[in-house]
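Asker:
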Amino acid sequence: MFYEKKLLCCVYVLLSLKNYKFYISYITNLYERLTSHIKGKSQSTEPRKPFILLFCEYYLSKHDAIRREKYLKTSREKTTFKTHVERVFLQKYLLKRF
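Each step along the sequence shown adds one to the number in my numbering, with nothing skipped, and position 49 is 427.
#1: Name the two residues that bound the continuous alpha helix (DSSP H) containing L450.
#2: DSSP beta-bridge partners for Y436?
#3: Does the beta-carbon distance from F433 to V391 come in below 8 Å?
#4: Can you give me the Cβ contacts of K399 inside the same chain, cut-off strictly under 8 Å, excluding the 5 residues immediately before and after it?
#5: Candidates N397, L386, Y404: which alpha carbon is nearest R446's?
#6: What does the Cβ neighbour count give for H441, buried or exposed, with the cut at 16 atoms within 10 Å?
#7: In the structure shown, what three-state DSSP assignment does Y404 receive?
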């Protein structure tokens with residue numbers, strides 16, 4: 379019997395356009411949480427807004443989402459992620475100029 383599992387948790391990464399630092403977290407309702415960040419209702423992100431959503435990943439369990447969030451927050455992974463983001467932004471910027 380086939381059944382569809384609902385994706386429960388979302389791990390997301392925001393980039394502050396004020397200080398160019400990442401905010402990494404997980405949540406069950408991404409839309410509500412992003413609205414909260416945009417309106418400045420989150421104490422942890424309010425001083426660093428505005429933000430852009432870089433990406434989000436959905437998971438079937440809260441446990442898996444928390445594991446992924448912790449992994450993304452490691453200094454090694456943050457460095458890798460930052461390098462990748464910089465490369466992508468530079469490519470897009472350079473392509474627009476020429």
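From the three backbone atoms N, C-alpha and C, an ideal C-beta is built for every residue, glycine too. Keep in mind that this is a model prediction, so the values were computed, not measured.
Answerer: Let me spell this out:
#1: 440-450
#2: C388
#3: yes
#4: L393, R426
#5: Closest option to R446, Cα to Cα, is Y404.
#6: exposed
#7: strand
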